[in-house]
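Remarks on the structure that follows.
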Amino acid sequence: MARDSDKRNFALRTEDGTEESVFSGSTPRQAALKAARDLDDPGSSEDDAGREPIRLREKGTTKVHVYEGWAWKESPPEVDMD
313 MARDSDKRNF ALRTEDGTEE SVFSGSTPRQ AALKAARDLD DPGSSEDDAG
363 REPIRLREKG TTKVHVYEGW AWKESPPEVD MD
């Protein structure tokens, strides 16, 4: 498990350049996966999920990492509690 000092903060940027939220992770990819969970309007399946660009800027730098993200909702598996 990464120590707190290994965590980096990445600001989620919108198309107009505003930064609306911050995700932390040891890599930009890890922060992008967290950001993908917060996408608006998740699809009903992976195939139906709309792809959206995810732009992350590491705090303290000007470099922007761009990923393609999508999310969908699934029902949890039924578990027999007997």
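Per our numbering, the sequence shown starts with residue 313, numbered consecutively. Note that beta-carbon positions come from the ideal geometry of N, C-alpha and C, so glycine has one too.
Can you give me the start and stop residues for the alpha helix (DSSP H) that Ala-361 sits inside?
-> Here Ala-361 belongs to no alpha helix (DSSP H), and DSSP marks it neither H nor E.
Glu-390 to Pro-354 span [Cα, whole Å] | 22 Å
If you count every other CB in all the chains shown that lies within 10 Å of the CB of Gly-329, and 16 or more means buried, which is it?
-> exposed
Can you give me the start and stop residues for the alpha helix (DSSP H) that Glu-345 sits inside?
-> First, the amino acid is wrong: residue 345 is Leu here, not Glu. Its alpha helix (DSSP H) spans residues 340–349.
To the nearest angstrom, report how far apart Ala-304 and Phe-335 are at their CA atoms.
-> Any property of residue 304 remains undetermined from this structure, which presents the chain solely from 313 to 394.
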